[in-house]
Amino acid sequence: MFETFFKNWNRKKLKDKKYDFLFHEPTVDEYICLDCETSGLNPRKDEILSIGAVHIKGNKILMRKTFYVFVKPSKHIAEESIKIHQIRPIDLENGLDPQDAIYQLLDFIGSRPIVGYYIKFDVAIISKYTKKFIGIKLPNETIEVSSMYYKTRKRSSDYEFIDLKFDTILKNLNIPALGKHDALNDAIMTSMIFLKLKDVTPAKTTFYTN
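For what it's worth, our numbering labels the leading residue of the sequence shown as 7, then goes sequentially.
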């Protein structure tokens with residue numbers, strides 16, 4: 007009941023009714039897996055530099071339906087940041103204006119649930135832009151693959167440590183590493199994690215978050 011109230015309240019704040027489709031009932035068994043490369047780890051002050059996303063339908067990653075853009079930042083990128091995401095200023099020269107990038111992303115996502123690794127961060131920084139451009143935070147449900155992985159690991163006690171590092175999850179699930187800090191590659195690898203875990207995550211638990 008509360009979720010319905012919040013959804014309707016959020017919907018009323020939508021500035022551009024063109025994007026009302028974000029609140030439509032999603033198609034069953036379709037998902038969007040996405041990843042953002044950013045100038046830092048603070049959603050309030052840092053910016054998106056690239057976005058990669060893929061469409062999942064059933065148990066397939068639709069490689070013909072991918073989304074990958076560079077986004078022009080409003081300020082100079084710190085050297086420390088470049089060392090991490092390896093995106094150079096020259097890579098961003100022909101990047102999209104943030105508003106165009108976000109609008110294209112919303113069209114790609116639709117109302118589908120969004121899959122990701124520590125997806126709350128990606129949604130938080132995307133929502134900073136959507137709130138500015140269309141008046142609302144990204145309303146889609148999210149699915150956290152690290153949570154799914156955690157719930158499928160056998161433990162001898164509730165206090166046993168579970169390594170949730172991305173590389174560890176890939177290795178334990180026998181998923182090939184495609185190369186780090188590339189938003190599209192990260193989205194593809196995360197999609198493979200999701201598909202490996204989708205049917206083995208305990209039914210009594212949920213991997214959806216708001």
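Cβ coordinates follow ideal geometry from the N, Cα and C atoms, glycine included.
For residue i versus residue j, is the C-beta distance shorter than 8 Å?
{"i": "F73", "j": "F27", "result": "no"}
{"i": "N100", "j": "R118", "result": "no"}
{"i": "I2", "j": "D22", "result": "Past the boundaries of the shown model lies residue 2; the chain is included only from 7 to 216, so the question cannot be answered."}
{"i": "N154", "j": "L203", "result": "The residue asked about is misnamed: residue 154 is Met in this sequence, not Asn. It is a contact, given that the beta carbons lie within the stated cut-off."}
{"i": "I142", "j": "N14", "result": "no"}
{"i": "P79", "j": "S45", "result": "yes"}
{"i": "I93", "j": "E31", "result": "no"}
{"i": "K63", "j": "D35", "result": "yes"}
{"i": "T207", "j": "T158", "result": "yes"}
{"i": "L179", "j": "N65", "result": "no"}
{"i": "V75", "j": "L112", "result": "no"}
What do you get for residue i, buried or exposed, if any count of 16 or more other CB atoms within 10 angstroms of its CB means buried?
{"i": "L190", "result": "buried"}
{"i": "D173", "result": "exposed"}
{"i": "M69", "result": "exposed"}
{"i": "H82", "result": "exposed"}
{"i": "P95", "result": "exposed"}
{"i": "F213", "result": "Confidence is the limiting factor: at F213 the pLDDT is only 49, short of 50, which leaves the residue's position unreliable and the question unanswerable from this model."}
{"i": "K177", "result": "exposed"}
{"i": "S87", "result": "buried"}
{"i": "K171", "result": "exposed"}
{"i": "D188", "result": "buried"}
Under 7 Å from any heavy atom of the ligand FAD, does the C-beta of residue i make it?
{"i": "T72", "result": "Inclusion of the ligand FAD in the displayed structure is not the case, the ligand content being empty and no account of it being possible."}
Just to check my reading of the structure: residue i and residue j have Cβ atoms closer than 8 Å, yes? What is that Cβ distance to the nearest angstrom?
{"i": "A193", "j": "V77", "result": "About 15 Å; that fails the 8 Å criterion."}
{"i": "I199", "j": "V151", "result": "5 Å"}
{"i": "Y135", "j": "P182", "result": "With 8 Å as the limit, Y135 and P182 do not qualify as a contact, their Cβ atoms being about 32 Å apart."}
key: At least three beta-carbon pairs within less than 8 Å, the stretch 157-170 to the stretch 41-55   = Not touching, per the Cβ criterion.
key: Segment contact flag, the stretch 110-124 with the stretch 39-46, C-beta cutoff 8 Å, min 3 pairs   = Because the criterion of three Cβ pairs below 8 Å is met, the stretch 110-124 and the stretch 39-46 touch.
query = Could you give the uninterrupted runs of the beta strand (DSSP E) lying entirely in the stretch 40-98, keeping only those of 3 residues or more?
reply = Every beta strand (DSSP E) of 3 residues or more that sits fully in the stretch 40-98 is shown, in chain order, as 54-63, 66-76.
query = What are the uninterrupted segments assigned as beta strand (DSSP E) that are 3 or more residues long and contained completely in the stretch 118-167, given in chain order?
reply = DSSP runs (the beta strand (DSSP E)) wholly in the stretch 118-167: 120-122, 148-150.
message = To test your reading of the DSSP string, which unbroken alpha helix (DSSP H) runs of 4 or more residues are found completely within the stretch 181-209?
response = Whole alpha helix (DSSP H) segments, 4+ residues: 189-203.
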